[in-house]
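Enquirer:
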Ligand SMILES: Cc1cc2nc3c(=O)[nH]c(=O)nc-3n(C[C@H](O)[C@H](O)[C@H](O)COP(=O)(O)O)c2cc1C
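In my numbering, the protein residues as written are 92 to 234.
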């Protein structure tokens, strides 16, 4: 299993529509290519973990780096071998900036995020890095 964890800065004019387009592309491509992961968006920052076949993940990452919807794409972690941990998610996504959206599904997702981020130190290093970034976002914003 090949994994990449990166962070980036969203473009200033990024809209919720852009995020739903990103998610739509991701769900489609990732599902067809056996890629899984999680994408967090908050305060114009993205953090994403991508897992899958090495060639596919590397090519996808190159594509993502070129994407004009964000910049400062910085690799946070790239271990050579690890188990897949997001196998049920071709791309889980949450926009933590939308405060007035409090549907049950969203509340559950937030609760899961908090739980996952708290468990991070007990899991492998790639997840730990990804989740500690998430934890930071959650803490900084009192979520
Ligand atoms: C933050 C961010 C995360 C993205 N994550 C994925 C992803 O997981 N899977 C995917 O197929 N595209 C993802 N994309 C979209 C790709 O950058 C790109 O638009 C997609 O690979 C299609 O590229 P193409 O138009 O050159 O075919 C992401 C884009 C951004 C800005």
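Ideal Cβ placement from N, Cα and C applies to all residues, glycine included. Computed from a prediction, not measured in an experiment: that's the story for all the values here.
In whole angstroms, give me the CA-to-CA distance for residue 97 and residue 167.
Expert: Computed Cα separation, rounded: 5 Å.
Enquirer: Out of 200, 180, 225, 217, which one is the CA nearest neighbour of residue 124?
Expert: Cα-wise, what sits closest to residue 124 is 180.
Enquirer: Please confirm whether residue 131 and residue 228 have their CB atoms less than 8 Å apart.
Expert: yes
Enquirer: So, at 7 Å on beta carbons, what are the nonlocal neighbours of residue 175 in its own chain, with the 5 sequence-adjacent residues on each side left out?
Expert: 92, 127, 142
Enquirer: For a test of the three-state rule: what should DSSP assign to residue 200, helix, strand or coil?
Expert: helix
Enquirer: Helix, strand or coil: which one does DSSP assign to residue 120?
Expert: helix
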